[in-house]
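Notes for the one structure printed next.
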Amino acid sequence: MLDRCATLTVAEPRTPYQLTTTGQLWLEVLVDRPYPRDSQEDQQILTYSIPQDLTVEIGDILSVPFGSQVIGGIALRFLENLPPGLEENQIRPVEDVITKGFFPDNYWQLLTKIAQYYATDLITVVRVALPTGLLRSSQRRIRLKPEAIPPGAEVFCTPLSRQILSLLKNQKEGDYSAKYLQEKVKNANYGIRDLVKRGWVESYLEAPKSTNIKQKKAITLLITDFPADLTENQRKIVEILRHQGGEMWLPELAQLAGTKHFKPLIDKGYVVIEDREFLRLSSAIMSRDQPKTLTSSQKQALEAIQTLKGGESVLLHGVTGSGKTEVYLQAIAPVLAAGKSALVLVPEIGLTPQLTDRFVSRFGDRVYVYHSALSEGERYDTWRQMLTGTPQVIIGTRSAIFAPLPHLGMIILDEEHDSSFKQSQLLPTYHARTVAKWRSQLNHCPVILGSATPSLETWLESQANPSLYLSLPERIQNRPLPRVEIVDMRRELQRGNRSLFSQSLRSSLETLRDKGEQAILFVSRRGHSTFVSCRSCGYVLECPHCDVSLSYHHTEPGAQELLRCHYCNYGRIHPKQCPECGSPYLKFFGTGTQRVTQELTKEFPDLRCLRFDSDTTRNKNAPRELLKLFTDGEFDVLVGTQMLTKGLDIERVTLVGIMAADGLLYHSDYRASERAFQTLTQVAGRAGRGEREGKVIIQTYTPEHPVIRAVQTHDYEGFVETELMHRESLNYPPYGSLVLIRFSGLDGEAVQKSAENVAEECVNNLGSDWDILGPAPATIMRVANRYRWQILLKLSGEKADIGGLLRPLKSLVLPKVSMAIDVDPLTIE
Ligand code: ADP
Ligand code: ZN
Ligand code: ZN
Numbered sequence: 008m009l010d011r012c013a014t015l016t017v018a019e020p021r022t023p024y025q026l027t028t029t030g031q032l033w034l035e036v037l038v039d040r041p042y043p044r045d046s047q048e049d050q051q052i053l054t055y056s057i058p059q060d061l062t063v064e065i066g067d068i069l070s071v072p073f074g075s076q077v078i079g080g081i082a083l084r085f086l087e088n089l090p091p092g093l094e095e096n097q098i099r100p101v102e103d104v105i106t107k108g109f110f111p112d113n114y115w116q117l118l119t120k121i122a123q124y125y126a127t128d129l130i131t132v133v134r135v136a137l138p139t140g141l142l143r144s145s146q147r148r149i150r151l152k153p154e155a156i157p158p159g160a161e162v163f164c165t166p167l168s169r170q171i172l173s174l175l176k177n178q179k180e181g182d183y184s185a186k187y188l189q190e191k192v193k194n195a196n197y198g199i200r201d202l203v204k205r206g207w208v209e210s211y212l213e214a215p216k217s218t219n220i221k222q223k224k225a226i227t228l229l230i231t232d233f234p235a236d237l238t239e240n241q242r243k244i245v246e247i248l249r250h251q252g253g254e255m256w257l258p259e260l261a262q263l264a265g266t267k268h269f270k271p272l273i274d275k276g277y278v279v280i281e282d283r284e285f286l287r288l289s290s291a292i293m294s295r296d297q298p299k300t301l302t303s304s305q306k307q308a309l310e311a312i313q314t315l316k317g318g319e320s321v322l323l324h325g326v327t328g329s330g331k332t333e334v335y336l337q338a339i340a341p342v343l344a345a346g347k348s349a350l351v352l353v354p355e356i357g358l359t360p361q362l363t364d365r366f367v368s369r370f371g372d373r374v375y376v377y378h379s380a381l382s383e384g385e386r387y388d389t390w391r392q393m394l395t396g397t398p399q400v401i402i403g404t405r406s407a408i409f410a411p412l413p414h415l416g417m418i419i420l421d422e423e424h425d426s427s428f429k430q431s432q433l434l435p436t437y438h439a440r441t442v443a444k445w446r447s448q449l450n451h452c453p454v455i456l457g458s459a460t461p462s463l464e465t466w467l468e469s470q471a472n473p474s475l476y477l478s479l480p481e482r483i484q485n486r487p488l489p490r491v492e493i494v495d496m497r498r499e500l501q502r503g504n505r506s507l508f509s510q511s512l513r514s515s516l517e518t519l520r521d522k523g524e525q526a527i528l529f530v531s532r533r534g535h536s537t538f539v540s541c542r543s544c545g546y547v548l549e550c551p552h553c554d555v556s557l558s559y560h561h562t563e564p565g566a567q568e569l570l571r572c573h574y575c576n577y578g579r580i581h582p583k584q585c586p587e588c589g590s591p592y593l594k595f596f597g598t599g600t601q602r603v604t605q606e607l608t609k610e611f612p613d614l615r616c617l618r619f620d621s622d623t624t625r626n627k628n629a630p631r632e633l634l635k636l637f638t639d640g641e642f643d644v645l646v647g648t649q650m651l652t653k654g655l656d657i658e659r660v661t662l663v664g665i666m667a668a669d670g671l672l673y674h675s676d677y678r679a680s681e682r683a684f685q686t687l688t689q690v691a692g693r694a695g696r697g698e699r700e701g702k703v704i705i706q707t708y709t710p711e712h713p714v715i716r717a718v719q720t721h722d723y724e725g726f727v728e729t730e731l732m733h734r735e736s737l738n739y740p741p742y743g744s745l746v747l748i749r750f751s752g753l754d755g756e757a758v759q760k761s762a763e764n765v766a767e768e769c770v771n772n773l774g775s776d777w778d779i780l781g782p783a784p785a786t787i788m789r790v791a792n793r794y795r796w797q798i799l800l801k802l803s804g805e806k807a808d809i810g811g812l813l814r815p816l817k818s819l820v821l822p823k824v825s826m827a828i829d830v831d832p833l834t835i836e
């Protein structure tokens with residue numbers, strides 16, 4: 008069993024922050040107290056004094072007095088002067104340091120910078136960064152270190168210390184909670200502090216109770232040959248183990264070998280069985296994979312990466328299937344060898360099991376996965392082990408940018424253009440790429456931004472410095488990029504084809520099975536139809552809580568027909584008649600994944616179809632399982648949404664059909680074209696990654712659209728050039744900056760009034776380099792009964808202290824209306 012307390016206390020010794028002043032220092036502490044709604048930052052950050060005999064470092068976890076209680080807190084900042092309004096006699100001393108060195112260097116600087124830039128308070132940042140419950144459920148304990156106490160030395164310590172020692176000695180394990188000792192001994196803290204200083208006891212944090220490290224039995228092969236004394240059965244077991252890289256989970260070996268009888272092998276010393284933390288290995292211990300011989304462009308890229316200086320970020324622009332992942336892997340290997348760790352951020356972990364697998368098979372149990380689908384306990388465990396500083400690779404989603412790795416040697420963002428790297432709905436509205444750059448500067452390590460369709464921001468930046476632009480212009484083994492065919496759906500209709508499938512897509516699907524190939528069909532919406540309306544009176548069925556139409560969901564004949572709101576998840580049974588006029592003629596408009604799957608099964612009964620969208624992949628492991636079925640060839644066609652765009656590398660997929668590209672093209676948002684180009688290019692890139700050539704068919708009603716043209720010719724640069732011109736002329740990012748202020752509340756008028764108040768104040772007080780657009784209602788004004796208004800600020804100059812400028816505006820907002828500031832918003836809807 009792993010001793011988690013020991014792991015906490017062995018955290019690397021670090022140099023203390025400079026304490027240059029000799030006078031009294033005050034300390035700001037972020038205290039762990041319940042978070043009242045609408046609370047202000049200063050309710051959580053309190054000032055304390057530091058007792059003479061206590062050494063505090065920033066980032067230490069402390070116990071501090073609060074009212075009549077003692078609570079946990081984190082040391083944030085030293086102050087030379089007391090904040091105005093506070094008198095020295097109001098200040099209470101820190102009680103004790105519970106754990107030292109809990110956070111890597113510069114970690115608090117990073118969090119503070121995020122709070123400032125994204126105009127939010129530190130506690131909000133701390134909450135996304137730290138695993139929930141780190142402070143809340145932690146408890147301080149005191150443990151005796153008998154081996155450190157010189158015989159007879161007790162007589163030299165104070166009566167208080169002696170009292171505590173004797174209590175501890177009388178406990179079987181020599182271990183009590185600090186709280187218990189305080190109850191038993193008056194002023195126990197002085198004694199405890201004395202004993203800690205002497206090294207006779209140690210103070211540690213007990214892990215949250217919910218923590219439950221999953222242990223599983225793993226079996227490891229200890230021999231490299233086949234000794235002569237093996238029976239035939241034992242030989243078979245050894246062979247299987249060897250084939251699997253020498254290590255497997257016990258149940259899996261038992262299944263493959265068809266036996267549970269491993270004892271003779273253990274007795275002979277040929278294998279060992281041990282308990283392992285489950286999270287160390289993602290799902291199976293995989294066979295080791297060796298570095299590949301790089302192509303010349305991969306080699307060039309790798310060499311350039313190896314000469315990067317700390318704080319530099321480089322764009323790795325490689326077309327789909329060009330071998331970016333192999334470059335990441337070989338760039339990380341020397342980082343690990345140098346005793347450092349690497350952080351790999353991916354858009355959605357559940358959707359990229361293949362990527363995770365490749366890392367595990369290269370780096371084995373040095374790979375950890377960290378993302379929000381982990382339970383609180385799993386997150387805590389991963390977090391805690393990161394602090395030990397052993398070289399490792401963390402693969403995670405957006406919030407993994409906060410992984411507390413003490414010796415960070417490299418940060419990689421795969422698919423850096425992906426919008427999931429930005430937290431849009433919750434505060435702070437941080438972008439992991441922006442945070443990654445700050446972190447790399449603070450920790451002096453490079454950042455690699457990889458993409459086939461880089462964001463305009465990253466592209467523009469890399470153009471300014473050619474040494475920070477690396478390109479993989481070709482697919483591995485010179486495989487061609489897939490041929491893209493555009494089908495004009497208006498023409499199909501004129502020819503009398505009313506089906507969802509164009510003639511061209513139809514004939515490609517017809518020959519699919521015979522050729523032993525597979526297809527992916529991309530649909531931009533889930534559900535069956537996007538809206539339902541009455542053919543007699545035109546009535547559209549809408550969500551009672553949102554200003555949107557309801558989508559029709561129907562999975563299979565006989566199943567319940569449902570209407571569902573994609574914004575608030577309201578659902579109702581599909582009515583037999585129009586609620587307005589009673590007519591039975593309700594018609595479905597718009598096409599979702601369910602409808603495509605249904606029609607496909609109807610028109611091509613031979614094809615086995617699998618639906619892959621957020622309805623079918625709710626369960627944590629579902630994406631992996633569904634994809635495995637598809638990769639194993641159990642299905643011929645995968646029908647799915649946006650989720651398909653991310654990193655699928657399936658050899659037998661030769662055909663990609665995009666059902667209706669138009670759904671992506673028309674949005675009011677200024678980034679609509681960029682997103683459409685990225686999505687279409689990424690989906691197209693799933694075709695022809697194996698031996699056989701790929702083909703993409705894009706069905707659209709606007710074949711002349713420039714985005715469609717650019718996707719057809721794989722012309723990223725051409726697209727970017729035109730798009731940048733538009734952005735520049737309107738001063739949109741990446742030229743100007745945007746800040747979106749969102750208002751919402753149940754009372755529509757109060758929301759509108761608040762937005763107007765704030766807008767007026769902005770007009771009067773912000774400088775001339777700000778453009779103020781709005782206030783205006785959001786595109787969908789009401790969601791889940793909440794009314795939504797917004798103000799868009801456009802800034803041409805340098806982004807100064809946005810928080811300082813905008814946060815005071817909160818006082819103009821009416822009660823029960825909430826105001827959120829989104830700095831660098833990705834969507835404005
Ligand atoms: P990307 O991440 O750019 O889409 P991948 O890294 O997934 O591309 O590479 C595509 C395929 O090519 C993968 O199956 C990978 O194993 C293989 N591959 C990558 N680099 C090499 C190489 N140097 N030699 C042979 N195969 C390679
Ligand atoms: Zn009607
Ligand atoms: Zn709704």
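Numbering (my numbering), first residue to last: 8 to 836.
Heads up, the beta-carbon is just placed ideally off N, CA and C, and yes, glycines get one too.
The structure displayed is predicted, hence computed values, not measured ones.
- Message: Spatial neighbours of residue 507 within its chain, please: C-beta separation below 7 Å, excluding the five flanking residues on both sides.
- Response: 598, 603, 606, 666
Measure the C-alpha to C-alpha separation of residue 25 and residue 233 and round it to an integer number of angstroms.
With a pLDDT of 40 at residue 25, under the threshold of 50, the modelled position of that residue is not reliable, and the figure given next carries that caveat. If I take the Cα positions, the gap works out to 60 Å.
Any residue with its Cβ nearer than 6 Å to a heavy atom of ligand 1 should be included. What is that list in chain order?
299, 300, 301, 302, 305, 325, 327, 328, 329, 330, 331, 332, 333, 483, 656
Requested in this report: Ignoring anything shorter than 3 residues or poking outside the segment 744–814, list the beta strand (DSSP E) runs there in chain order.
Outcome: 744–752, 777–790, 793–802
TODO: At 3 residues or longer, and completely inside the segment 562–638: list those beta strand (DSSP E) runs for me, N to C.
DONE: 569–571, 578–580, 593–596, 616–619
field: residue 559: CB within 7 Å of a non-hydrogen atom of ligand 2
entry: no
Residue range of the unbroken beta strand (DSSP E) whose run includes residue 494: 490–495
Original post:
Who sits around ligand 2, taking every residue whose Cβ is closer than 6 Å to one of its heavy atoms?
Top reply: 541, 543, 544, 546, 585, 587, 588, 590
(message) When you measure from the CB of residue 550 to every non-hydrogen atom of ligand 5, does any distance come out below 7 Å?
(response) Ligand 5 is not part of this structure, which contains only ligand 1, ligand 2 and ligand 3.
Notebook entry, point to check: What residues are listed by DSSP as bridge partners for residue 281?
Noted result: 225
Tell me whether the beta-carbon of residue 409 lies closer than 8 Å to the beta-carbon of residue 830.
-> no
- Three-way DSSP call (helix, strand, coil) for residue 322 in this model: strand
### Message
What does DSSP give as the partner residue(s) for residue 702 in the beta ladder?
### Response
490, 662
Euclidean distance between Cα positions of residue 811 and residue 126
7 Å
**Asked** To which residues does DSSP link residue 329 through a beta bridge?
**Response** DSSP lists no partner for residue 329.
On a Cα-Cα basis, can you pick out the residue from 725, 411, 274, 119 that is closest to residue 398? 411
| message | Short of 8 Å in beta carbon distance, which residues of its chain neighbour residue 781, apart from the five on each side in sequence? Order them along the chain. | response | 762, 766, 796, 797, 798, 799
*Is residue 769 near ligand 3, in the sense that its beta carbon is under 7 Å from a heavy atom of that ligand?*
no
Segment contact flag, the segment 519–526 with the segment 543–563, C-beta cutoff 8 Å, min 3 pairs: no
What are the start and end residues of the alpha helix (DSSP H) that includes residue 84?
First-last for residue 84: 76–86, but that is the beta strand (DSSP E), not the alpha helix (DSSP H).
Would you say residue 407 and residue 352 are within 8 Å of each other, going by their C-beta atoms?
yes
Assign residue 70 to one of three DSSP states: helix, strand, or coil.
-> strand
Margin query: Tell me the residue span of the beta strand (DSSP E) that contains residue 479.
Written below: 476–479
Exercise. For residue 759, which of 447, 645, 826, 224 has the nearest alpha-carbon?
Worked result: 826
Comparing the CB of residue 125 with every heavy atom of ligand 3, is any distance shorter than 7 Å? no
Margin query: At a cut-off of 7 Å, would you count residue 555 as near ligand 3, judging by its Cβ distance to the nearest heavy atom?
Written below: yes
Quiz item: Is there at least one non-hydrogen atom of ligand 3 closer than 7 Å to the beta-carbon of residue 791?
Solution: yes
May I ask you to check if the CB of residue 577 is nearer than 7 Å to at least one heavy atom of ligand 3? yes
Item checked: Member of 177, 611, 635 whose CA lies at the smallest distance from the CA of residue 619 -> 635
- prompt: Just the Cα atoms here: how many angstroms apart are residue 79 and residue 448?
  reply: 31 Å
Tell me the DSSP bridge mates of residue 372? Looking at the DSSP assignment, residue 372 forms no beta bridge with any residue, so it has no partner.
Write down the C-beta distance between residue 416 and residue 342 rounded to the nearest angstrom, noting that I regard them as a contact closer than 8 Å. 4 Å
Residue 826, enclosing beta strand (DSSP E) - first and last residue:
825–830
Item to check | With 16 other Cβ atoms within 10 Å as the buried cut-off, status of residue 588 | outcome: exposed
Ordered along the chain, which non-local residues of its own chain (more than five positions away) have a Cβ less than 7 Å from that of residue 462?
423, 424
Candidates 273, 402, 270, 249, of which the one nearest residue 263 by Cα: 249
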